[in-house]
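Order-wise, the sequence lines are chains G and S.
According to the numbering used here, the residues represented by the first sequence are 961 to 1303, in order.
According to the numbering used here, the residues represented by the second sequence are 961 to 1303, in order.
Positions of the beta carbon are idealized from the N, C-alpha and C atoms, including for glycine.
There are 2 protein chains.
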Amino acid sequence: MKSKRPSIKDIASYINVSVTTVSFVLNGKGPEMRISEEVIQKILNYAKEINYTPNQLAQSLRTGKSNVIVFMVEDISNPFFARLARIIEVTAYKKGYKVIFCSNENDDRHTEELLQVFRDQKVTGYIIIPSAGAKKQIMALLEEDVPMILFDRYFPELETNYVVIDNGNATYKATRHLIGNGYRNIGFVTIASKQTQMMDRLKGYNKAVKEAKLQSRVLELPFVKASEGEGLMRHFFEANPELDAVFFATNYLTQRGLLVMREYLPGKLNEWGIMTFDDNEFFRIHTPSISAVAQPLEEIGNKLMEIMLELLKHNEKRTVHQVVLKSELKVRDSSKAKDANSI
Amino acid sequence: MKSKRPSIKDIASYINVSVTTVSFVLNGKGPEMRISEEVIQKILNYAKEINYTPNQLAQSLRTGKSNVIVFMVEDISNPFFARLARIIEVTAYKKGYKVIFCSNENDDRHTEELLQVFRDQKVTGYIIIPSAGAKKQIMALLEEDVPMILFDRYFPELETNYVVIDNGNATYKATRHLIGNGYRNIGFVTIASKQTQMMDRLKGYNKAVKEAKLQSRVLELPFVKASEGEGLMRHFFEANPELDAVFFATNYLTQRGLLVMREYLPGKLNEWGIMTFDDNEFFRIHTPSISAVAQPLEEIGNKLMEIMLELLKHNEKRTVHQVVLKSELKVRDSSKAKDANSI
DNA sequence: CTTTTTTGCTAAAACGATTTAGGAATCACG
DNA sequence: CGTGATTCCTAAATCGTTTTAGCAAAAAAG
């Protein structure tokens, strides 16, 4: 019952031609190789009839290409990445590629280990959020000349393909929105990081604040355990009693921050202006609903795959694809002028 | 520069033995095959020295095993699945397996298509949340006798491995908890589904309610678009003004439900008892914080991989692994007796 | 000193494709 | 008719492993 799946050989012997011929035909090289129309048709028909699909392992072994795309993010359980993964998945499968997801935990060694594994697998393409110090590994990949796209962040010194968003401008605008709604002492909570996306966000905030002649109040959390981060946030909030708004630079920080606020400064939850980077379904549900800079997930995912497919088709390294997408400010309750309420 | 990665052949010619010998040694069959200790050591040393790793494609082609584990869920962007994915990922990579994630959208055709793709790939093992009508496909896999574990739900009629949680009991207890805190008219919002996990939850609720001689008030949402679901929920809430608590049977429903409540019955948010199945970071952050039945994610993930590795080692189909894990009730503000507040 | 057994290894086929180099017929042309 | 071009196809190598079957030399047994 468990009949082996048909191979090229089966087709060959049935039609009474060589496997070479069959291979040519199935790869569309029939005409080019001057295989007669008659034979071509016979092969194609029979292949369809027995529902032939090539053994990808064999194909990969021979060609050195595996039809596997690696999608490496910081942490696949982060909703932002998970949703992106979903979008990537759909297009990839449609085009006959499989996707391997993995999380590098923003750790360079981990990144390196994973890449090592994949190198052995002749992975066809990489979509990567590089960890902070992964420049070396990315350069190595560049040298290997395998299709690769960075996203979320990139190394300005490297000529890589990338898809990012306008972090600076988005943060600038969101900060201005807060200012426009009457907030004057806006805290900015971010993590200490030299990575492009975080630097740009900080710059955007500072620009808006300076333009408005307001004071910049930044808390740069060292990359620490959640619990410690909460302590530092609390201290920051309490040490700056004049704060009337806070801007969290990533969704992760917002989660922490909201908890801290509810715990220690419950009154401020509805009083302060609150803004976050990276939207999330729960920010809509939260009371008050949280205003957010929303990354255009669909667009990012589609763009990534568009570029990837392009790279896979004709790997012309002449053109580097560098895309910056616009993000959208979702204005919700948390950033509206509170005058009405503050009776 | 781009030196080819070493193959078994390189080792063979360097040591001056046949590839057969090298293969035996590298597969630990040296002693068994009576390769001299001296040669074994030479091979192992050299292999380590040049940092040899086998070409998995070739290995897979030859052995018919691909070292790829498929992890199929409803929707990888659902936080519950994403977090589980993360846990699976860690163990799998540690053991030298790769994981391919995919989403079947709880759609049978989609499940079938995906499985078709994977069958061609000689996937080593499957961890699957089956879509409602995927019994046939699961049976087909069973026949192929490839390692497979279902989770979250299963088909009682099929003798498959599975890992699930005690849906019935957990819901029963959570409902009793609500009752114990003084709630008397508890609505149960679920989706119309004959799948084990949903049926069990409904049963658990009904049991608790009946035992307490309370009335069962169930809203079974047909599987519809979010927007329609919200309309139905709203109607349900308004048509049952005597409600004083609501139990959402999945995290997805809770999201919708909280939005509906905030929109149309804002007063009830702090008044009603609220309980949800599937915990989530945001339920902690929410005001009021939402009580939840938390699935033991770590345990589920670990158990799945434990069984999978077991199956991969000695595929003895004699024993079927069927595991039911306990879930934990996280009591938060939303289910505490509200008497104090209702001045 | 044969014969048998054990030791220590290897040749070659196989997995299922792709691709290079070329061969046999047929045809065209002078 | 001889030569060259064209048409249509194929043999065989290759990718990097695993595995079966077996061989030569040394050791043990008789």
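Practice task
Using three-state DSSP, classify residue 1211 of chain S as helix, strand or coil.
Solution key: helix
Exercise for the section: Assign residue 1047 of chain G to one of three DSSP states: helix, strand, or coil. Expected result: helix
Practice task
State whether the stretch 1248 to 1263 of chain G contacts the stretch 1287 to 1295 of chain G, with contact taken as three or more CB pairs (one from each stretch) at a distance under 8 Å.
Solution key: yes
Problem - 8 Å Cβ cutoff met for residue 1028 of chain G and residue 1048 of chain G - result: no
Handout entry: Below-8 Å beta-carbon distance, residue 1134 of chain S vs any chain G residue
Key = no
Handout entry: Residue of G:1019, G:1016 and G:1114 minimising C-alpha distance to residue 1092 of chain G
Key = G:1114
Handout entry: Residue closest to residue 1053 of chain S, alpha-carbon to alpha-carbon, out of G:1071, G:1096 and G:1054
Key = G:1071
Exercise for the section: Could you please give me the residues that DSSP links to residue 1108 of chain G through a beta bridge? Expected result: G:1086
Exercise for the section: Could you name the residues of the same chain whose beta carbon sits closer than 7 Å to that of residue 1144 of chain G, not counting the 5 residues immediately before and after it, in chain order? Expected result: 1174 and 1204
Problem - Beta-carbon proximity list for residue 1087 of chain G, same chain, < 6 Å, skipping 5 on both sides - result: 1031, 1109 and 1264
Practice task
For the stretch 1074 to 1087 of chain S and the stretch 1227 to 1237 of chain S, state whether three or more C-beta atom pairs, one from each stretch, are separated by less than 8 Å.
Solution key: no
Practice task
Find out if the Cβ-Cβ distance for the pair residue 1207 of chain G, residue 1146 of chain G is shorter than 8 Å.
Solution key: yes
Practice task
Write down the C-beta distance between residue 1179 of chain S and residue 1192 of chain S rounded to the nearest angstrom, noting that I regard them as a contact closer than 8 Å.
Solution key: 7 Å
Handout entry: Ordered list of alpha helix (DSSP H) runs contained in the stretch 1182 to 1248 of chain S, each at least 4 residues
Key = 1186 to 1199, 1211 to 1224, 1228 to 1231 and 1241 to 1245
Handout entry: Extent of the continuous beta strand (DSSP E) to which residue 1121 of chain G belongs
Key = 1121 to 1125
Exercise for the section: Below 7 Å between beta carbons is the criterion; list the residues of the stretch 1000 to 1011 of chain G that meet it against any residue of chain S, in chain order. Expected result: none
Problem - Where residue 1118 of chain G sits in the DSSP three-state scheme - result: coil
Practice task
Return the bridge partner residues of residue 1058 of chain G from the DSSP annotation.
Solution key: G:1028
Exercise for the section: Tell whether a beta-carbon distance below 8 Å holds between residue 967 of chain S and residue 1005 of chain S. Expected result: no
Exercise for the section: May I ask you to report which of helix, strand or coil DSSP gives residue 1252 of chain S? Expected result: strand
Exercise for the section: Look at residue 955 of chain S and residue 1247 of chain S and say whether their C-beta atoms are less than 8 Å apart. Expected result: Outside the displayed range of chain S (961 to 1303) lies residue 955 of chain S, so it cannot be described from this structure.
Practice task
Assess, as a yes-or-no matter, whether the stretch 1007 to 1023 of chain S is touched by the stretch 966 to 986 of chain S under the definition of 3 or more beta carbon pairs within less than 8 Å.
Solution key: yes
Handout entry: chain G residues whose Cβ lies nearer than 8 Å to that of residue 1058 of chain S
Key = 1060, 1077 and 1081
Exercise for the section: Pull out every residue of the stretch 1080 to 1111 of chain S whose Cβ sits closer than 9 Å to any Cβ of chain G, in chain order. Expected result: 1080, 1081, 1082, 1103, 1104 and 1105
Exercise for the section: Use the C-beta contact count for residue 1023 of chain S: other C-beta atoms within 10 angstroms, 16 or more gives buried, fewer gives exposed. Expected result: exposed
Practice task
Would you tell me roughly how many angstroms separate the C-alpha atoms of residue 961 of chain G and residue 1103 of chain S, rounded to the nearest one?
Solution key: At residue 961 of chain G the pLDDT is 46, less than 50, meaning the model places this residue with poor confidence; the figure from the coordinates comes in the next sentence. C-alpha separation (whole angstroms): 10 Å.
Practice task
Drop a sphere of 10 angstroms on the beta-carbon of residue 1140 of chain G, count the other beta-carbons inside from all chains shown, and report buried for 16 or more, exposed for fewer.
Solution key: exposed
Handout entry: Residues within the stretch 1147 to 1178 of chain S neighbouring chain G, beta-carbon criterion of under 8 Å
Key = none
Handout entry: Members of the stretch 1044 to 1057 of chain G near chain S, C-beta cut-off 9 Å
Key = 1044, 1045, 1046, 1047, 1049, 1050, 1053 and 1056
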